[in-house]
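Residue numbers (my numbering): 3 to 358.
C-beta: ideal position from N, C-alpha, C; glycine also.
Let me begin by presenting the structure, written as structure tokens, before commenting on it.
Here it is as structure tokens:
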């Protein structure tokens, strides 16, 4: 048995093998854009050839030290938040998704010592190339693409920036741009959880009444999961989906007619509008019909699913910071999705689980 001990390869070993300095090797292994791609590739191949493996504890320590240097520097690190909805999140009510999300995002950024510059993208306002120049001139490399669309221009997409210069995180899924790492609410989990509670509460005739625009914001996950659920139950228990096209509210007269015609025992809704419209017509929850809010953010007396929108905002900043620390810029080869699962929120509109 040999008395020698195995020594793990070091940065110096890679430097000796390639002829580059240790600092260059360190930058290459972190994918730093200051080095040419050919240099990074050569160093990474040499590291793999000698079996180099980074020490995760050392990497975490170095990231913490870099973070501390940024926080103690005279200039605070700044990230950009790009909106497609002009100032909408600022004016919205405290229970509004965009308001809650923006507030959580700003709070998490501040907790991490980051400043935030917000940009409202409008067609013809500023060319995409010019926005890239503005961000780089301000030494902003971290970008969050905020969800939502402009009411006057629903087809407007996010600007096409000079992506190799930026670390980018997309919140939500209502976009044709799918080449970024994303943070989303887990709409599939959330509606499945709502249906599970409705069935456990003894309901057989379950309906869903949400504006098509709100379902579209979930990438039509709500409607598709609801229809899949209906495919597995008897025809006599199926309640037609009520999701008329148009704005973000339901026509009260059509809603009331739908309820009286199909007599659902439970209705999956989004927000408090359905409850208020039905109450105005003398249909009260839970006496006449039980209601489950698929996006419960503090609406009084409504049971439903709390999507934990605050966690979506926090997770987006957390992901962006970790990518900035690792110098991961440009479009990822394999985009990833972080989804935040919701939880049941008890309420008077579904008394079977009011205490859970």
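Assignment of beta-bridge partners to residue 211 by DSSP yields 244. Counting the other CB atoms within 10 Å of its CB gives residue 45 a total of 16 or more, which places it among the buried residues. When 80, 135, 348 are compared, the shortest CA-CA separation from residue 117 is found for 80. Between the stretch 176-192 and the stretch 299-312 there are three or more C-beta pairs closer than 8 Å, enough to call the two in contact. Rounded to the nearest whole angstrom, the CA to CA distance from residue 197 to residue 222 is 16 Å. By the CB criterion at 8 Å, residue 11 and residue 183 fall outside the cutoff. Looking at the DSSP output, residue 82 bridges to 119, 145.
Contact annotation: residue 331 and residue 168 have beta-carbon atoms nearer than 8 Å.
Here the C-alpha atom of residue 270 lies approximately 28 Å from the C-alpha atom of residue 107. By the beta-carbon neighbour count (other beta carbons within 10 angstroms, threshold 16), residue 110 is buried.
Bridge pairing for residue 10: absent [DSSP]. Annotation: residue 286 is outside any alpha helix (DSSP H) and is labelled neither H nor E by DSSP.
Spatial neighbours of residue 329 in its own chain (CB-CB distance under 6 Å, excluding positions within 5 residues in sequence) are listed in chain order as 32, 33, 34. Ranked by Cα distance from residue 248, the options 215, 234, 228 are led by 215. Secondary structure of residue 173 (DSSP, three-state): strand.
Here the alpha carbon of residue 161 sits roughly 9 Å from the alpha carbon of residue 147. Rounded to the nearest angstrom, the Cβ distance from residue 267 to residue 179 is 41 Å, too far for a contact under 8 Å. Among the bridge pairs identified by DSSP, residue 185 is matched with 173, 340.
As far as DSSP is concerned, residue 26 takes part in no beta bridge. Residue state for residue 167 is assigned as helix, using DSSP reduced to three classes. Annotated as distal: residue 251 and residue 284, with beta-carbon spacing of 8 Å or more. Counting only residues of its own chain and dropping the five nearest sequence neighbours on each side, residue 185 has a CB closer than 7 Å to the CB of 171, 173, 314, 317, 318, 321, 340.
Using a Cβ distance threshold of 8 Å, residue 355 and residue 203 count as a contacting pair. Cβ contact annotation for residue 102 (same chain, cutoff 7 Å, sequence separation greater than five): 299, 311, 312, in chain order. In the three-state scheme derived from DSSP, where H, G and I count as helix and E and B as strand, residue 221 is classed as coil. From the listed residues 209, 342, 263, the smallest Cα separation to residue 295 is found for 209.
Comparing alpha carbon positions, the residue from 13, 113, 212 closest to residue 323 is 113. Our two residues, residue 279 and residue 231, have alpha carbons roughly 26 Å apart in a direct line.
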